[in-house]
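Here's the structure we're looking at; comments come further down.
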Amino acid sequence: MANLFPHLLNGLSLGLLFALIALGFMLIVGVMELINLAHGSLFALGAYFALVIIAPDPAWLGPLGESYHALPLAARYALALLVAPVLVGVVGMGLELCMRRTYGKKAEYGLLLTFGAALVLEETIRVLWGPSEQYLQVPRSISGAFLFAGLIYSKYKLFAALFAAAAIALVWLFLERTPYGAIIKAGAHDSEMVRALGIDLTRLRLLVFGLGAGLAGLAGIVLTPIWGLRPHVGVDAVIPAFLIIVLGGIGSFWGAVLGGILVGVAVGLTGAYASGWSLLSMYLLLIVVVTVRARGLFGRKSVLEA
Amino acid sequence: MAQRNLTRRSLLKQAGMLSAGAAATAFMGPWRYNRVYAAASDKPLMIGLTSDASGQYANSGASDRRGMHLAIAEFNKRGGVLGRTVKTIHLDTETTPATGSRVAERLIARDECAFLIGAVSSGVANAISQVAQKYGTVYLNTNSSSPTESGKNCHRVKFVWDGNGTNFAQAAVQNAIRAYGKKWLLMTNDYVWGHNTSAATRRLVGRYGGEIIDEILVPQGTRDFSAMLLKAQQAAPHVVAAAVGGDDLKAMRQQVAQLGLGQKMAWINNQQDWPDVYGLPLDNLFGVFGTTWYWKLDLPGVADFVKRYQAAYPSDPMRVPGNVFYNGYMATRELLSAVERAGSTNNRKVIQELEGLKVSARDRMQHHDAYMNSATHQMQQTIYLATANHGTKERDDMFKVLSQSSPEEIRDTGADAACKLESLADTPTYEM
Amino acid sequence: MAAVPTVASPWVPRGMALLLAVMATLPLWVASIGLYQYLGVEIAIWMIYGLGFNLLLGYSGLPSFGHGAFFGVGAYAFGLFQAWAFESLLLGMALAAVAAFVAGAVVGCFLSHRRGIYFALMTIAFGQVFWFVAIKWHTVTGGEDGLLNIPRPALELGAASVPLNSNVALFYFVLFVLAVVAVALWRLVHSPFGKVLQAIRQNEERARFVGYNVWLFKWAVFALSAAIAGLAGSLFSMAQQSAYPDVMSLHASGVIVMMTLIGGGFVSFWGPVIGVAVYFLARDVLGAVTETWLLWFGLVFVLAVLFRPEGIAGAWQEYVGSVPSAGRRNRGTEAPASHIER
Numbered sequence: 000m001a002n003l004f005p006h007l008l009n010g011l012s013l014g015l016l017f018a019l020i021a022l023g024f025m026l027i028v029g030v031m032e033l034i035n036l037a038h039g040s041l042f043a044l045g046a047y048f049a050l051v052i053i054a055p056d057p058a059w060l061g062p063l064g065e066s067y068h069a070l071p072l073a074a075r076y077a078l079a080l081l082v083a084p085v086l087v088g089v090v091g092m093g094l095e096l097c098m099r100r101t102y103g104k105k106a107e108y109g110l111l112l113t114f115g116a117a118l119v120l121e122e123t124i125r126v127l128w129g130p131s132e133q134y135l136q137v138p139r140s141i142s143g144a145f146l147f148a149g150l151i152y153s154k155y156k157l158f159a160a161l162f163a164a165a166a167i168a169l170v171w172l173f174l175e176r177t178p179y180g181a182i183i184k185a186g187a188h189d190s191e192m193v194r195a196l197g198i199d200l201t202r203l204r205l206l207v208f209g210l211g212a213g214l215a216g217l218a219g220i221v222l223t224p225i226w227g228l229r230p231h232v233g234v235d236a237v238i239p240a241f242l243i244i245v246l247g248g249i250g251s252f253w254g255a256v257l258g259g260i261l262v263g264v265a266v267g268l269t270g271a272y273a274s275g276w277s278l279l280s281m282y283l284l285l286i287v288v289v290t291v292r293a294r295g296l297f298g299r300k301s302v303l304e305a
Numbered sequence: 000m001a002q003r004n005l006t007r008r009s010l011l012k013q014a015g016m017l018s019a020g021a022a023a024t025a026f027m028g029p030w031r032y033n034r035v036y037a038a039a040s041d042k043p044l045m046i047g048l049t050s051d052a053s054g055q056y057a058n059s060g061a062s063d064r065r066g067m068h069l070a071i072a073e074f075n076k077r078g079g080v081l082g083r084t085v086k087t088i089h090l091d092t093e094t095t096p097a098t099g100s101r102v103a104e105r106l107i108a109r110d111e112c113a114f115l116i117g118a119v120s121s122g123v124a125n126a127i128s129q130v131a132q133k134y135g136t137v138y139l140n141t142n143s144s145s146p147t148e149s150g151k152n153c154h155r156v157k158f159v160w161d162g163n164g165t166n167f168a169q170a171a172v173q174n175a176i177r178a179y180g181k182k183w184l185l186m187t188n189d190y191v192w193g194h195n196t197s198a199a200t201r202r203l204v205g206r207y208g209g210e211i212i213d214e215i216l217v218p219q220g221t222r223d224f225s226a227m228l229l230k231a232q233q234a235a236p237h238v239v240a241a242a243v244g245g246d247d248l249k250a251m252r253q254q255v256a257q258l259g260l261g262q263k264m265a266w267i268n269n270q271q272d273w274p275d276v277y278g279l280p281l282d283n284l285f286g287v288f289g290t291t292w293y294w295k296l297d298l299p300g301v302a303d304f305v306k307r308y309q310a311a312y313p314s315d316p317m318r319v320p321g322n323v324f325y326n327g328y329m330a331t332r333e334l335l336s337a338v339e340r341a342g343s344t345n346n347r348k349v350i351q352e353l354e355g356l357k358v359s360a361r362d363r364m365q366h367h368d369a370y371m372n373s374a375t376h377q378m379q380q381t382i383y384l385a386t387a388n389h390g391t392k393e394r395d396d397m398f399k400v401l402s403q404s405s406p407e408e409i410r411d412t413g414a415d416a417a418c419k420l421e422s423l424a425d426t427p428t429y430e431m
Numbered sequence: 000m001a002a003v004p005t006v007a008s009p010w011v012p013r014g015m016a017l018l019l020a021v022m023a024t025l026p027l028w029v030a031s032i033g034l035y036q037y038l039g040v041e042i043a044i045w046m047i048y049g050l051g052f053n054l055l056l057g058y059s060g061l062p063s064f065g066h067g068a069f070f071g072v073g074a075y076a077f078g079l080f081q082a083w084a085f086e087s088l089l090l091g092m093a094l095a096a097v098a099a100f101v102a103g104a105v106v107g108c109f110l111s112h113r114r115g116i117y118f119a120l121m122t123i124a125f126g127q128v129f130w131f132v133a134i135k136w137h138t139v140t141g142g143e144d145g146l147l148n149i150p151r152p153a154l155e156l157g158a159a160s161v162p163l164n165s166n167v168a169l170f171y172f173v174l175f176v177l178a179v180v181a182v183a184l185w186r187l188v189h190s191p192f193g194k195v196l197q198a199i200r201q202n203e204e205r206a207r208f209v210g211y212n213v214w215l216f217k218w219a220v221f222a223l224s225a226a227i228a229g230l231a232g233s234l235f236s237m238a239q240q241s242a243y244p245d246v247m248s249l250h251a252s253g254v255i256v257m258m259t260l261i262g263g264g265f266v267s268f269w270g271p272v273i274g275v276a277v278y279f280l281a282r283d284v285l286g287a288v289t290e291t292w293l294l295w296f297g298l299v300f301v302l303a304v305l306f307r308p309e310g311i312a313g314a315w316q317e318y319v320g321s322v323p324s325a326g327r328r329n330r331g332t333e334a335p336a337s338h339i340e341r
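Residue numbers (numbering that gives the first Met the number 0), protein chains in the order written: chain A, 0 to 305; chain B, 0 to 431; chain C, 0 to 341.
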């Protein structure tokens, strides 16, 4: 039992990170009924933007370059956490503008467009930053290790899990406690109603896509110090993301969070006791859950099924 | 052996003339091409480059390719090979075996390449070599270090230039048991390369009196190693021998570095490819690892080689060459030299030249003479063990070379038993 | 609204006969246009795969993003049969199709009561499971190195034995299989079965109310489509003389969807055939010119989805349709037309 406890704890922190990865995906699929296959590329893009914000080429900034680099790493890192997701959000909005042509057509077209966009984004990253492994610096205060009950844990991992929890809470507050959130939720349930209420559905979609993309980018920045960074890193994010959403139920916020945590615990425990199966465990979990509960843990009937 | 003086195009034209019977002849054969191409001396010598440009090994593939290009450029500067200019065509193998097959078919059939060079992934190398064997086309596997490449999946037309997992394990295990202790934990990527390498380690640990206390399997695609690293801590081994590769290794590196586990336990890693680690913080280079070459080896020729690299690729973000570049360069250079010695591009003659290949330590820029094992077609060469070079001022001087082993000390004896080369007579012949 | 063709279709449409005839002469001119025979083999195999896949996607409106699994099952089944039992072409292919059918039938049980996004997502999940097993179970599959040295058994026709070792010979054999599959599928989609599938695609509820057992139809078409993928997979393992897990990856499964749609699978029987040819040729030609060919291909693909979502076949129909000659429109392309408006 004493041996099990660290693994449960580890699984939980892993689960929060998985939930963070799925958050942006959840928002887009919930409101727009669109599987955003570019989620992974946006995830990667966030990390690459952060890379530039933390250590820009001094030549770009001209005279400002030196003083910018003199800023403490923590400040530049915090700036990256704020700005890079916004930039990714802008890219996401650009993608949404393209998406508009596919609205009202078969859902597959939207899916295909994001598939193509994922290709284009990933290849663009490869051209701009090269294929090699990149390294994202993190401030000293959140790097390194700490000892707890005789075992070494990563400080960054703890930070990342707490950060993920905070991000999840913020998104929840946004959805529950702000008028925008109310509109988004209404849009998710009944777009006709939203339109009838005189709310601009076009702008709502733009906003939601931007927000979802931004969250993907944020997850990318948070995960990069753990996963490393390379142009195709997004593939590692998009598959767990969709899996968690199906597990939790499409359109359900807490479904996504619980799905993420379940996947994290499953991966964490199998990683310790049957490590050869640790990746497959999430698929088996999904198949078991969905066989019993057709629409996932908290899923409702979706328009997409028609 | 009936050798007709035909080009492939004229062969195809003939088939066309027999149009009604074209299908029939195709079915009847003879399909084992025994080809002699019009090898006019002014015709450029085509070489197909099959290194990856996308996927997991894109970065190593690019480095590999630069090595080949430099060797070819140096030959062309001296007037080519047998008086013919060497030309190359590159197709992306996408780190995908199925693509490797298609690319090999195309380079041989359409582009009439005399030789194929390049691979990092063993799956891709296998796929290419199977096609190459079918046509008899000589193929150089420059950088795939799976023991199966010169073992059960060896081929008469394939030559392997990198040290393999067994070689690196041979170099490391005995010393590590002596230095760190007998309780070993294996961390093994759960796929063929990982299992082969861990089996070699297991054997050697047993032979030198060590004990394997556990083996943690790492599925391919693992990005979070926290559970496995906790497990490793709980097991408290003297040595962790990791056979984890590709992107998995990159992720694991970051996480071991964060935990500072690189200093807390003795780690034995397999080969660390230079393009994978270049530019990373030194903490990411944990434990002891193998390499076939390092740009700061104190040997004649090395400094000049680095200069030639920098002159050829002035804007490359990788400012010094590494083992992957080195293998690509050496393989290509030795192939072209073999063609010159054979005085012909006839594949059988070239194969025989390569099988008898001996390269002096000086020419290899390694500590020992190297030679081709004619039974397995793997280059037998010096293997170095290295570790992170902490405390250096020079940014690119990342490795501290700890030891070097001669080819005899690290010989992969398993490969000799596992490899059954096709006979030369069963290998189609051609001359381009 | 209904896309059911009004004109009784001919047994073998003229377009199909023409296509097969042109392909049959391919070995004579393939080199002179700068291509090579092996590419023809792969294209013909993927056409089989695509035609079977479009039964699901275009005709039944069931987007499978894990179809590579069945292609892979067929490839492995063929290879393992040759290695474990004995060398036999037709038995091996039959076994491959059966194995893929069984795999599809099992997966279909989990999928057939699902629709839309849930269907797509579950196919991804199952596809990943198959892919993972292919890599993990390396004692059987050879793991990421693949199952190697798969023979190309000769075609035994009574007393005669036709070797398929050359790419030309294999090409003709694959072409023959393509012809059989194309005719069979053409008949199938114009049979009552095919009409029910289209009815399900257009409105599953309505089809159910009319009295069809929708679950059974979806299950049957899924398993059938899987079997065709498996058949194509067996041919692919012969072409490559190996079977690799990569063909089962999400990426590879996405590619067949991409090809089918870019060709116009939603509006034409021939969509996947066109799409496969275009994709393979683009990859081969662009790939030799630039290392960033995927970027360009991705851009073209995005533009195609934006501006020509019905694919190449759709664009062609539009072009032909704009020519005011009645009757031309229905020739050979009277597969499902019109989108479902949500």
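Yeah, the Cβ is synthetic: ideal placement off N, Cα and C, and Gly gets one too.
Query, Result
"Per-residue burial, S160(C) [other beta carbons within 10 Å of its own, 16 or more giving buried]", "exposed"
"Short-range partners of chain B found in the stretch 236 to 249 of chain C, where Cβ spacing is below 7 Å", "Q239, Q240, S241, Y243, D245 and V246"
"Residues that DSSP places opposite F398(B) in a beta bridge", "A387(B)"
"Boundaries of the beta strand (DSSP E) in which E210(B) is found, first to last residue", "E210 to V217"
"R361(B) to V301(B) span [Cα, whole Å]", "9 Å"
"Closer than 8 Å to chain C by CB, L44(A)", "no"
"Exposed unless 16 or more other CB atoms sit within 10 angstroms - verdict on Y318(C)", "exposed"
"Contact check, G321(B) vs P280(B), beta carbons under 8 Å", "no"
"Rounded C-alpha distance that separates F129(C) from L63(A)", "54 Å"
"Three-state secondary structure (DSSP) of Y278(C)", "helix"
"Contacting residues, own chain, Cβ-Cβ under 6 Å from M247(C) (five flanking each side not counted)", "G67, A68, G71, F129, W130 and A133"
"is_contact[M257(C), chain A] using C-beta, thresh 8 Å", "yes"
"Straight-line gap, D235(A) to G220(B) (C-alpha atoms, nearest Å)", "8 Å"
"Residue range of the beta strand (DSSP E) that includes V51(A)", "Per DSSP, V51(A) belongs to no beta strand (DSSP E); it is in the alpha helix (DSSP H), H38 to I53."
"Straight-line Cα distance separating E210(B) from K182(B)", "5 Å"
"Inter-stretch contact at 8 Å, needing at least 3 Cβ pairs: the stretch 214 to 233 of chain B / the stretch 101 to 116 of chain A", "no"
"Chain C contact for A305(A) (CB, 8 Å cutoff)", "Per-residue confidence for A305(A) stands at a pLDDT of 41, beneath the threshold of 50, marking its modelled position as unreliable; no derived number is given."
"K218(A) and I20(A) closer than 8 Å at C-beta", "It is Ala, not Lys, that sits at residue 218(A) in the sequence shown. Cβ atoms of A218(A) and I20(A): closer than 8 Å."
"Against chain A: residues of the stretch 223 to 236 of chain B by CB proximity under 9 Å", "D223, F224, S225, A226, M227, L228, L229, K230, Q232 and Q233"
"Three-way DSSP call (helix, strand, coil) for W183(B) in this model", "strand"
"C-alpha distance - K348(B) paired with A424(B), whole-angstrom precision", "12 Å"
"The stretch 131 to 141 of chain B / the stretch 142 to 157 of chain C touching (three or more Cβ pairs under 8 Å)", "no"
"Length of the line joining the Cα atoms of V287(A) and A98(C)", "23 Å"
"Cross-chain neighbours of D199(A) in chain B, by beta carbon under 7 Å", "Neighbours of D199(A) on chain B: none; closest Cβ ~40 Å, over 7 Å."
"Local Cβ density within 10 Å of K390(B), reported as buried at 16 or more and exposed below that", "Reading the sequence as shown, one finds Gly at residue 390(B) and not Lys. Flag for G390(B) reads exposed."
"Contact check, T196(B) vs A226(B), beta carbons under 8 Å", "no"
"CB of L230(C) within 8 Å of CB of A74(C), strictly", "no"
"Neighbour flag for K135(C) against chain B, beta carbons, 8 Å", "yes"
"Any chain A beta carbon closer than 8 Å to T138(C)", "no"
"Neighbour flag for I88(B) against chain C, beta carbons, 8 Å", "yes"
"Near-chain B residues of the stretch 279 to 291 of chain C (beta-carbon distance less than 8 Å), N- to C-terminal order", "D283, G286, A287 and E290"
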